[in-house]
Structures are given as structure tokens and as C-alpha cells.
Amino acid sequence: MSDASRETSREASTSPKRPEANPAYETQPVANRLETWFRENGGWLSSDVKIVYSGSRGFHIRALRALTSPIVVTCPLPLTLSYLSLDPTQSAVPHVDSPLRKCLGRIPNHVLTYLLLIEQRYLVGKEQSPWKEYLACLPEPEAMTTPLWFDEDDMRRLSGTSMARATKDKREELRKEWEQATDVMRQADATMADKFDFKCFVWAATIISSRSFISTHILPSQDTFPILFPVIDILNHTVEAKVEWDFHPLQDFILKVVDPEAVRPGDEIFNNYGPKQNDELLLGYGFCIPENPVDQFTIKVVLPPSVEDAAKQMGLFEPNNIPFGMGPSFLDGDPKQEQHALRPKGHPFGRYENYVLWLRGIPPYVVHVFYVRALMNLNMHPKDVDMQRPAARVVLEVLLLLYEAIDQRSQTLPLADAPPQTFPNDKQKYATIYRDGQANIIHSIRTELATVLNRLRVSSQIPPPEPVIITTTEALITLSADLPAHFSHFKAGL
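Read left to right, the sequence shown gives residues 1 to 494 (UniProt numbering).
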């Protein structure tokens, strides 16, 4: 096939885990059976590697010897698992005889994939699933470590973070999908729905979220859906891995190591799914990376409807009324539905465009919301403001409002003392890593704003020996800190 027909991508995701130094591992009969099944059905696995197992790493791949080829594994499309196997109108993958066929077009394709996975897992016990060797290597519910599987003690480790709400929302989303699917199955076959309880549904959704790839690159002409590639999804993740994903549309998916000479006997072979934040890793995959360099802190702010309406009438959401040199691109979508994240100094994604240095860690939409509030508080109209260089009292008001909001949010997520060295389970270990990382980010932004305030504030502890000259901004900062009631009265009269 020509180079033009090949695609290389890291947009999809599977089951990333952190590297671990020299874990004990062993071969298992179930892994040997998986290799045999894979090769006998058209898959290719380098003879220089082996599927092995360890308690901490699960099933993974290690080098037996120096690699003689950059290709580690090739999975043909017919070995994949997805709802496509239920569709008799397609010929890309083999069909399975299943009552779920009656639900095609009536249940979303990704949900049908969950249901097919549950059905095939059930059939493994009857030796009837064509994927039985692959399914035997998938983790059981008791091994799941995403927050969907947390108990109350585990969830307490997430107190103060946005993950508790995200977990609740995800569970509600899954329950709604399960209930709708159950209704359709009952209408199609009265006995079919009894095999698909909610726990199994959550298990299947977790398998798909942690191991599937998107279909776009191997089936480019179809709408995107999740698809499982046996054996390729066994490789664990590290951002240091140098690999290439080579998709041949309608044929196969090849995983290559960019520098095979760097792989030594006994080394684990890793995949690389690109930079992922700990919130995505925890909710989707069930683990976290300590001190994850790409972590951000998602923050949500909204204006009261009356204030938002007034601001729109004043033109404050027009591109020409965006202050501080910020780009207006955040106005293109629906800012209230999109995520906005705080970024600490040195973040690999860079910080946000802003003329004011101490505002660069705060997303433009959030800055603009507080700018709108500042103008409302000061009874100012945008026509009275230099958008590139707003007046000192406007900047001061934005700073005070932002600091108050960030300070209040940081109090719900205090910095932890030294983290415990041991944990009752992996769920609490990863939850603590996530929680502490979030606390570090919000407090770093708070400290950044506090530093600006402290520089502006005239010391109240050591009176100056003689009169001093200060700026209006410094005077207002001091007045707001020492005599807040007088400051409010003064501000109201401006």
C-alpha cells in the first residue's frame, strides 16, 4: 500500500500505566493461549517479545532479546471487537450470531459495543466466544480502579476536587444509557435484557474507556466509534516511549518502536498516547502520574443572568471589548459549556495570552468574566476603558475579585501535609496523587495573585518614619485591606 494511504496517529487512547522499575513478572497459560489465538487468526507478534503478567503491571509485553524489527505487533481488522460484528451489511469484520442484532439502529453504537462485550464475556464460560482467549486476559470488576468503582472511603480522598462531581455525572450518564438500552432490548427480546445488569454495563464501559481506540483511522468513511484491538491494547503507556502507529485503512493496525536498538532484553515495551492530565487518567483509566507536568485545574465561573444580559447590552461580549490583549477566540463557542483551566508557571502547554503577567495563568474567559464584574461594580461603560491598558482602578478591581474567588476555592482544597507512604488500596493512592496535584495548582495561582497584592500593599506593621508618596492603586489596595467598609463606600461613590 502506498505511503499516502497510511496514517500515523496518537489521538486515540487505550490503557496507559506508569513505568515501573524491574517488577516481578511471569508467563501464564492464559497469556500463552492469547498469543496462540492471536497468531492463528492473522495477528502478528514479534518473536522477540512475550506477553507476561505481574500483579502491579497486569498483562503486558516484554522483550525476550534485542529486537530484530521495529514492528512489535500487528492487529488485523477482523480480530477487532466492536458493534460492527453485529451488522450483517458490512464485510470488514466477521459477524456474530447474537440477539443484539435486533437492536442495531435503536441503540447508540458505542453502547452496542458495551453490550456485545458483556455478551461475549458471558459466552466465554460456555467456550462459545470467538474472542475467548482475549477476553480471558481482561481485568475483572474487582481489579477496576476508576472512581466509578470507588467506595465511600475511596471517594473521601477526592474531597474538594471536581472529580467527585465528574464521577457522579459519569455514573448518571451510564445509568441512563443502560436503562434506555434495557428498554430497547426488552422490546426486541423479552429474555435478552436479563443478562445485562448495571454492574456488567459499568465494567464494559470501563474496559472501553481504558483500552479502546477510535475507529477513524482504520475505517475513515464511517462515523467514529470505539474499537478494541486485541494485544495492541495490552501495552502500557509512558510519554517517554517513541512509537509509531501505522493504520492501513480496512486492513490492520501496526505498532512500531522508533528505535528498536534501544530496547534491551527484559525491557517492557510501552505505547505512547500523548500527554494526558490526571483527571482523564483517573476517570478513564484508573491511575495517576505523580507530579504530572501537563496537569491543569478546571475552573467554572458564570455570571448571574441579569448581569450577563446587561453586559451583552453594553457590548462587553463583542470582540473589540476584550481587555488585556486577550484573543477573542473564547467567544466563538459556548464558553459556559467548555472547560477552562488554570495553568501554573512552566506548564508545557504554555500560558494564556495576556498583557498582564499575573493573569497569564488564568484562562481568558475567566479573566473576562471578572473584568465584566469589575466594570459593573465600578459603574463603568466599556467605551470609557482603554481595552489594551485599562485604568488602574479597573485592574485593581479585577485583581481583588479574582483573588477572592481563587482564595475561596483553594480553601476547599487545602495543601496536604506529607503524603502517606502506604495506602489501603491503589484507588486511594491514585486519588491522593490526583487530589494533591490539583491542590498544588490552585494554591500556586493563589500565591501568584497574593504576591501581586502584597507588592501593592503598603506595610501596616511598620509605620513609615515620614510621609511617603504612593500610587492611587497602592492607596486603594491598602484601604480595601485595612478599612473594607470605607473602601466599599468610596467605590460606590465613584
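Cβ atoms here follow ideal geometry from the backbone N, Cα and C, with glycine treated the same way. Quick caveat, the model's predicted, so the values are computed rather than measured.
>> Using only the alpha-carbon positions, how far apart do A485 and G493 sit?
In response: If you take the alpha carbons of A485 and G493, they lie about 13 angstroms apart.
Discussion item. Going by beta-carbon coordinates alone, are R373 and Q296 separated by less than 8 angstroms?
Written reply: no
Notebook entry, point to check: Any idea if Q222 is buried or exposed, counting beta-carbon neighbours within 10 angstroms, 16 or more meaning buried?
Noted result: exposed
Exercise for the section: Return helix, strand or coil for F330, following the three-state DSSP convention. Expected result: helix
(request) For chain C, find out if any of its Cβ atoms is closer than 8 angstroms to the Cβ of K199; answer yes or no. (result) Protein chains in the displayed structure number just one, and chain C is not present.
Whether or not the segment 49 to 61 and the segment 29 to 40 are in contact is what I'm after, with contact meaning three or more pairs of Cβ atoms, one per stretch, closer than 8 angstroms; do they touch?
yes
Practice problem: Determine the extent of the beta strand (DSSP E) in which Y53 is found, giving its start and end residues. | Solution: Unbroken beta strand (DSSP E) run through Y53: 49 to 54.
Would you report the Cα separation of Y430 and R409, rounded to the nearest angstrom?
22 angstroms
Are the CB atoms of V301 and F324 within a distance shorter than 8 angstroms? no
**Prompt:** If you draw a straight line from the C-alpha of S460 to the C-alpha of T451, how long is it?
**Reply:** Only weak support exists for where S460 lies, its pLDDT of 48 falling under 50; the coordinates are left without a value.
Worksheet item: Just the Cα atoms here: how many angstroms apart are I234 and S444?
Response: 37 angstroms
Count the other CB atoms within 10 Å of the CB of L396; is the residue buried (16 or more) or exposed (fewer)?
buried
Considering only the alpha carbon of each residue, which of A136, C137, S98 lies closest to K195? For K195, the nearest C-alpha among the options comes from S98.
*Evaluate R455 with the Cβ neighbour count: other Cβ atoms within 10 Å of its Cβ, from every protein chain shown; 16 or more gives buried, anything less gives exposed.*
exposed
task = Measure how close the beta-carbons of I362 and L402 come, nearest whole angstrom, since I'm counting them as under 8 angstroms.
result = 7 angstroms
Exercise. Mind listing, in chain order, the continuous beta strand (DSSP E) runs of no fewer than 3 residues lying wholly within the segment 311 to 389?
Key: 340 to 342
| request: Would you check if the segment 40 to 50 and the segment 64 to 80 touch, i.e. whether three or more CB-CB distances between them fall below 8 angstroms? | output: Contact between the segment 64 to 80 and the segment 40 to 50 is established, with three or more Cβ pairs separated by less than 8 angstroms.
Discussion item. Closer than 8 angstroms is the cut-off here; do at least three beta carbon pairs connect the segment 105 to 123 with the segment 204 to 212?
Written reply: As far as the Cβ criterion goes, the segment 105 to 123 touches the segment 204 to 212, which means the pair count is three or higher.
* Going straight from the alpha carbon of R157 to that of Y122, what length do you get? -> 34 angstroms
- Message: Distance check for L282 and E261, CA to CA, integer angstroms please.
- Response: Rounded to whole angstroms, E261 to L282 spans 33 angstroms at the Cα level.
C-alpha distance - W358 paired with E338, whole-angstrom precision: Distance between the alpha carbons of W358 and E338 is about 23 angstroms.
Could you spell out where the alpha helix (DSSP H) holding T68 opens and where it closes? T68 -> no alpha helix (DSSP H), and no H or E assigned at all.
Segment limits, beta strand (DSSP E) that includes L77: Looking at the DSSP string, L77 is not in any beta strand (DSSP E), and its letter there is neither H nor E.
Tell me the residue span of the beta strand (DSSP E) that contains I254.
252 to 257
Taking only the alpha-carbon atoms, compute the straight-line gap between L378 and V394 and give it to the nearest angstrom.
8 angstroms
query: Count the other CB atoms within 10 Å of the CB of R264; is the residue buried (16 or more) or exposed (fewer)?
result: If you draw a 10 Å sphere on the C-beta of R264, you find fewer than 16 other C-beta atoms in it, and that means exposed.
May I have the straight-line CA-CA distance separating R101 from S329, to the nearest angstrom? 44 angstroms
Taking DSSP as the reference, what is the three-state secondary structure of I299? Of the three classes helix, strand and coil, the one that applies to I299 here is strand, per DSSP.
Sequence-distant residues of the same chain with beta carbon closer than 7 angstroms to L45, five excluded per side: E35, F38, R39, V73, V231
Quiz item: Hey, out of T80, S69, Y53, T224, whose CA is closest to N41's CA?
Solution: T80
*In chain order, what residues of the same chain lie with their CB nearer than 6 angstroms to the CB of F150, ignoring the 5 residues before and after it?*
K427
Check whether N278 and I289 have beta carbons under 8 angstroms apart = yes
* Option in A166, Y352, Y83 with minimal Cα separation from P226 -> Y83
Q.
Helix, strand or coil for E244? Go by DSSP, reduced to three states.
A. It is a strand residue.
In its own chain, which residues sit with a C-beta less than 7 angstroms from the C-beta of N292, not counting the 5 before and 5 after it?
Q277, N278, G437
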